[in-house]
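This report concerns only the one structure given below.
Protein chains: 2
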Amino acid sequence: MRVTKEKAAENRERILQAAAALFREKGFEGVGVDALAAAACLSHGSVYSHFGSKEALAAEAVAHALAQSLPQLGGGADGETVPLATMVRRYLSRTHRDDPGGGCVIAALAAEGARQGEAVRAAFTEGVRRMLGGLAPAVPEDDATAREDATIAVLATMIGALILSRAVDDPALSDHILRAAGAHLLRDAPAEEVGTVPRVQSKMGSDGNP
Amino acid sequence: MRVTKEKAAENRERILQAAAALFREKGFEGVGVDALAAAACLSHGSVYSHFGSKEALAAEAVAHALAQSLPQLGGGADGETVPLATMVRRYLSRTHRDDPGGGCVIAALAAEGARQGEAVRAAFTEGVRRMLGGLAPAVPEDDATAREDATIAVLATMIGALILSRAVDDPALSDHILRAAGAHLLRDAPAEEVGTVPRVQSKMGSDGNP
DNA sequence: ATTATCTATAGATCTATAGATAATGC
DNA sequence: ATTATCTATAGATCTATAGATAATGC
Chain D
16 MRVTKEKAAE
26 NRERILQAAA
36 ALFREKGFEG
46 VGVDALAAAA
56 CLSHGSVYSH
66 FGSKEALAAE
76 AVAHALAQSL
86 PQLGGGADGE
96 TVPLATMVRR
106 YLSRTHRDDP
116 GGGCVIAALA
126 AEGARQGEAV
136 RAAFTEGVRR
146 MLGGLAPAVP
156 EDDATAREDA
166 TIAVLATMIG
176 ALILSRAVDD
186 PALSDHILRA
196 AGAHLLRDAP
206 AEEVGTVPRV
216 QSKMGSDGNP
Chain Z
16 MRVTKEKAAE
26 NRERILQAAA
36 ALFREKGFEG
46 VGVDALAAAA
56 CLSHGSVYSH
66 FGSKEALAAE
76 AVAHALAQSL
86 PQLGGGADGE
96 TVPLATMVRR
106 YLSRTHRDDP
116 GGGCVIAALA
126 AEGARQGEAV
136 RAAFTEGVRR
146 MLGGLAPAVP
156 EDDATAREDA
166 TIAVLATMIG
176 ALILSRAVDD
186 PALSDHILRA
196 AGAHLLRDAP
206 AEEVGTVPRV
216 QSKMGSDGNP
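Heads up: the sequence lines are chains D and Z, in that order.
Its first residue numbered 16, the first sequence is counted upward by one per residue in the working numbering.
Its first residue numbered 16, the second sequence is counted upward by one per residue in the working numbering.
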């Protein structure tokens, strides 16, 4: 049964959405093409029509998830500058920790991504570059080189802390990791930044921390 | 063909060694029981005799890998205090980045670990606690709470930077991430610590950075 | 007698392809 | 005529179990 061109495009988009969420939730190898197709209400044959292989779908899904989760951080392409404190609190929130399927692709899949093929790795590299670019303007450092280093350190700290908070069994330790990493990153943030209202009202928007 | 009790213990140990390395290299779901058994020169049936299930083997392998890689960081159980700079340089070295099979279990598997069963997660939690305990004495902070927070931030930064450096396609960016994160972590380290000789001569010992 | 190991195999699952189907696009 | 989708299926792989084997441990 053939469908209209628009319908086909919608179906393709729905596969991407399902893949972007399910890969982040269960890992690249934790979910099969069959399950992805089912989540998009299609047969697995249709997935192969659209993407050719699981690997190709994975690469597109990573890029897709990246395009969605990056603006949520606050480092969007619009001129508006979001304070570092807002981005950090948003990223290191319990809401984000508890929603890997809708959250940062790097934190959820970068470790596995290192073992994937060329296309997937390229998507991750682009993602890291874009996150650094979005973060840099908010990092308070005078010297350009120092800011570059600091930006990388801030990103590494956020990603590492989120991964640790998810890996750990004990809810108290998990919360502690999020709070401590955030506090350390913002240890000399200006007081006005505290309590800034999130710019977007996404799933990652409300930060879940009191 | 039955073997001696000692031989059986050796075989068990060899399975653990192979699992600890292969899981870190290929991920929990990237390697099958058959391949693990083959790496230990045994049949897969023997693996089930020793561990009962792949999940149980994974939990023991994580604990095993942890016990091996923790002293390499420098935060061993002996009274000797290793400077933070030594630990950071060792951890954020190219040698470590390029040897996931012999390196930090948390960086290699924690993201996947969050999706594993109880036993595996418990092993990771214990691992995070032990790494924090090994790191804390080297973190230069007066206030106890501030030190705790800083220790968590240092660990998160190291793990995040290593994961990022492995995920990224471009060798120059990968090196940059390691260098920048290290430089930022040690930005106010005393000058005497620079160039400290690594305590152990393990695979992780020589740091590969000029 | 116990048991570490191996072989054979069950049963599930996974990626991918081939060919049929049926409706769109021209 | 083209093509998006589905069904059927191939072929591989993966976890796990059952039963046989043969040497140790007592």
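Even glycine gets a Cβ: it sits at the ideal position worked out from N, Cα and C.
Quick caveat: nothing in here was measured; it's all calculated off a predicted structure.
For residue i and residue j, I'd like the C-alpha separation in whole angstroms.
i               : j                : result
glutamate 156/D : alanine 122/Z    : 28 Å
arginine 29/Z   : alanine 53/Z     : 11 Å
valine 154/D    : serine 64/D      : 44 Å
glycine 118/Z   : alanine 71/D     : 30 Å
glycine 60/Z    : arginine 27/Z    : 12 Å
aspartate 190/Z : alanine 23/D     : 43 Å
glutamate 40/Z  : cysteine 56/D    : 35 Å
aspartate 114/Z : isoleucine 167/D : 22 Å
arginine 162/Z  : aspartate 49/D   : 49 Å
arginine 136/Z  : threonine 96/Z   : 29 Å
leucine 150/Z   : leucine 99/Z     : 8 Å
serine 180/Z    : glycine 132/Z    : 28 Å
leucine 62/D    : glutamate 25/Z   : The identity of residue 62/D in the sequence shown is valine, whereas the question assumes leucine. Taking the straight line from one Cα to the other gives about 47 Å.
leucine 200/D   : valine 103/D     : 8 Å
threonine 19/Z  : threonine 140/D  : 51 Å
Let's test the definition: count the other Cβ atoms within 10 Å of the Cβ of residue i and tell me whether it reaches 16, buried, or not, exposed.
i               : result
arginine 17/D   : exposed
alanine 80/Z    : buried
alanine 196/D   : buried
threonine 101/Z : buried
glutamate 127/Z : buried
alanine 159/D   : exposed
aspartate 203/Z : exposed
aspartate 164/D : buried
alanine 11/Z    : The shown model of chain Z, from 16 to 225, leaves out residue 11/Z, and the question about it has no answer.
alanine 125/Z   : buried
Could you tell me if the beta carbon of residue i falls within a distance shorter than 6 Å of some heavy atom in the ligand ATP?
i               : result
aspartate 164/Z : The ligand ATP is not among the ligands present in this structure, which contains no ligands whatsoever.
So the candidates are the options; which of them puts its Cα closest to the Cα of residue i?
i              : options                                : result
valine 73/D    : Ala134/D, Ala50/D, Gly60/D, Asp114/D   : Here residue 73/D is alanine; the residue named in the question, valine, does not match the sequence. Of the candidates Ala134/D, Ala50/D, Gly60/D, Asp114/D, the one whose C-alpha sits nearest the C-alpha of alanine 73/D is Ala134/D.
glycine 45/D   : Ser84/D, Phe139/D, Ala138/D, Lys69/D   : Lys69/D
alanine 193/Z  : Lys41/Z, Phe66/Z, Arg109/Z             : A small correction: the amino acid at residue 193/Z is leucine; alanine does not occupy that position in the sequence shown. For the residues Lys41/Z, Phe66/Z, Arg109/Z, the minimum Cα distance to leucine 193/Z belongs to Arg109/Z.
arginine 144/D : Val97/Z, Val183/Z, Gln83/Z             : Val183/Z
alanine 82/D   : Pro115/D, Ala138/D, Ala126/D, Asp114/D : Ala138/D
Once you ignore the five residues that flank residue i on each side, which residues in its own chain have a CB closer than 7 Å to its CB?
i             : result
alanine 76/Z  : Leu31, Ala34, Ala35, Phe38
valine 120/Z  : Arg39, Val77, Ala80, Leu81, Ser84, Gly142
serine 58/D   : Ala52
leucine 107/Z : Met173, Ala176, Leu177, Leu193, Ala196, Gly197
proline 186/Z : none
alanine 188/D : At residue 188/D the sequence reads leucine, which differs from the alanine that was named. Same-chain partners within the cutoff: there are none.
proline 152/Z : Thr96
Excluding the 5 residues preceding and the 5 following residue i in the sequence, name in chain order all residues of the same chain whose CB lies nearer than 6 Å to its CB.
i                  : result
isoleucine 178/Z   : Ala122
glycine 42/Z       : Glu127
phenylalanine 66/D : Leu72
arginine 130/D     : none
glycine 47/D       : none
glycine 116/D      : Ala36, Arg39, Glu40
Spatial neighbours of residue i within its chain, please: C-beta separation below 8 Å, excluding the five flanking residues on both sides.
i                : result
methionine 146/D : Leu85, Leu88, Gly90, Ile121, Leu170
glutamate 21/D   : none
How about the segment 160-177 of chain D and the segment 167-182 of chain Z: do they share at least three Cβ pairs that are nearer than 8 Å? The segment 160-177 of chain D vs the segment 167-182 of chain Z: in contact.
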